[in-house]
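Engineer: Quick one: this structure, given as structure tokens, is what I'll be asking you about.
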Amino acid sequence: GIQVEQSPPDLILQEGANSTLRCNFSDSVNNLQWFHQNPWGQLINLFYIPSGTKQNGRLSATTVATERYSLLYISSSQTTDSGVYFCAVHTGGGNKLTFGTGTQLKVEL
Amino acid sequence: EPEVTQTPSHQVTQMGQEVILRCVPISNHLYFYWYRQILGQKVEFLVSFYNNEISEKSEIFDDQFSVERPDGSNFTLKIRSTKLEDSAMYFCASSSDSVTEAFFGQGTRLTVV
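Protein chains in written order, with our numbering: chain Y, 638 to 746; chain U, 255 to 367.
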């Protein structure tokens with residue numbers, strides 16, 4: 638099956654800093670989503686981005702499907718951004734999402 | 255904004271007991287899913303459901319598990335004879351079709367003791 642790797646696995650930032658999270662996948666995809674898992678365990682939809690670039694406030698994401706990666710940018714980080722960020726992909730031939738390994742982000746004052 | 259709702263938020267059960275986790279998907283969605291996340295690990299697919307039948311399932315989804323859409327709004331996951339290793343967060347999700355954005359519920363944290 639498809640492999641989805643995220644980097645870095647852990648990241649500590651000072652409040653106000655910017656960061657880039659990466660998601661690499663091993664096969665072509667027809668759907669890619671980014672999620673934020675908050676400290677209470679909830680999965681919050683950030684982006685549905687099979688290709689191209691999207692922005693939502695301080696967050697933006699870019700997927701380059703032909704090169705099999707996606708990037709999530711967080712600017713001016715806040716403590717509420719802490720948690721785990723997952724990318725998840727959907728490939729042809731099924732309808733499940735395969736989740737990546739996650740990036741654990743901690744934003745400190 | 256429409257959302258997927260799950261009940262209960264937490265459940266503690268004795269090993270060997272049966273549990274039913276409940277979900278109300280977004281009303282106009284046609285595809286329903288269950289995923290689980292063991293503490294500290296990534297989210298894993300269990301099963302997808304479309305047109306009143308299972309459309310795909312993982313190796314994890316063995317005879318211990320079953321899903322049902324008992325009426326027009328609910329979607330349930332039944333775990334029979336629970337084991338300690340079934341302790342996890344279980345997420346329900348729904349989507350309007352098989353490749354569009356999936357929306358997740360807040361999860362049910364199952365603890366088997």
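Here a beta-carbon is modelled for each residue, glycine too, at the ideal position from N, C-alpha and C.
By alpha-carbon positions, which one of 362/U, 294/U, 316/U ends up nearest to residue 647/Y?
Structural biologist: Looking at the Cα atoms, 294/U is the closest of the given residues.
Engineer: Helix, strand or coil: which one does DSSP assign to residue 322/U?
Structural biologist: Strand at residue 322/U.
Engineer: So, with DSSP's three-state summary, where would you put residue 338/U?
Structural biologist: If DSSP states are grouped into helix, strand and coil, residue 338/U belongs with the helices.
Engineer: Are the C-beta of residue 670/Y and some C-beta of chain U separated by less than 8 Å?
Structural biologist: True, the Cβ-Cβ gap to chain U drops below 8 Å.
Engineer: Could you check what DSSP says for residue 717/Y in three-state terms: helix, strand or coil?
Structural biologist: Three-state result, residue 717/Y: helix.
Engineer: What separation, rounded to the nearest whole angstrom, lies between the Cα atoms of residue 310/U and residue 746/Y?
Structural biologist: For residue 310/U and residue 746/Y, the distance between alpha carbons rounds to 45 Å.
Engineer: Tell me whether residue 654/Y sits in a helix, a strand or coil according to DSSP, three-state version.
Structural biologist: If DSSP states are grouped into helix, strand and coil, residue 654/Y belongs with coil.
Engineer: Between residue 272/U and residue 323/U, is the Cβ-Cβ spacing less than 8 Å?
Structural biologist: No, they are not a contact pair.
Engineer: In terms of residue numbering, what span does the beta strand (DSSP E) encompassing residue 363/U cover?
Structural biologist: Residue 363/U -> beta strand (DSSP E) spans 362 to 366.
Engineer: Relative to the C-alpha of residue 367/U, which residue among 340/U, 258/U, 306/U is closest?
Structural biologist: Nearest of 340/U, 258/U, 306/U to residue 367/U, Cα basis: 340/U.
Engineer: So residue 297/U contacts chain Y; which residues on that side make the cut at Cβ distance below 7 Å?
Structural biologist: Ordered by position in chain Y, the residues that pass the 7 Å Cβ test against residue 297/U are 723, 736.
Engineer: Indicate whether the contact test is met: 3 or more Cβ pairs, each with one atom in the region 682 to 690 of chain Y and one in the region 352 to 362 of chain U, closer than 8 Å.
Structural biologist: Judged by Cβ distances under 8 Å, the region 682 to 690 of chain Y makes contact with the region 352 to 362 of chain U, as three or more pairs qualify.
Engineer: To the nearest angstrom, how far is the alpha carbon of residue 713/Y from that of residue 651/Y?
Structural biologist: Whole-angstrom Cα-Cα distance: 9 Å.
Engineer: Can you name the residues of chain C whose CB is closer than 7 Å to the CB of residue 680/Y?
Structural biologist: Given the protein chain composition of this structure (Y and U), no chain C is represented.
Engineer: Residues of chain Y with CB under 8 Å from residue 355/U, in chain order?
Structural biologist: Those are 668, 670, 682, 685, listed as they occur along chain Y.
Engineer: Which one or two residues does DSSP pair with residue 333/U in a beta bridge?
Structural biologist: DSSP lists 273/U, 319/U as partners of residue 333/U.
Engineer: Mind checking residue 640/Y: buried by the 16 CB within 10 Å criterion, or exposed?
Structural biologist: By the 10 Å Cβ count, residue 640/Y comes out exposed.
Engineer: So which residues of chain Y does residue 222/U contact, with C-beta pairs closer than 7 Å?
Structural biologist: Chain U is shown from 255 up to 367; residue 222/U falls before or after that span and cannot be answered.
Engineer: Using a Cβ-Cβ cutoff of less than 8 Å, which residues in the same chain neighbour residue 716/Y once the five nearest sequence positions on both sides are dropped?
Structural biologist: Closer than 8 Å at Cβ, skipping near neighbours: 652, 744, 745, 746.
Engineer: Assuming residue 698/Y contacts residue 707/Y under a Cβ cut-off of 8 Å, what Cβ separation, rounded to an integer in Å, is found between them?
Structural biologist: Rounded, the Cβ-Cβ distance is 6 Å, consistent with contact.
Engineer: What does a CB cutoff of less than 7 Å around residue 659/Y pick up in its chain, not counting 5 residues either side in sequence?
Structural biologist: The answer, listed in chain order, is 643, 644, 706, 708.
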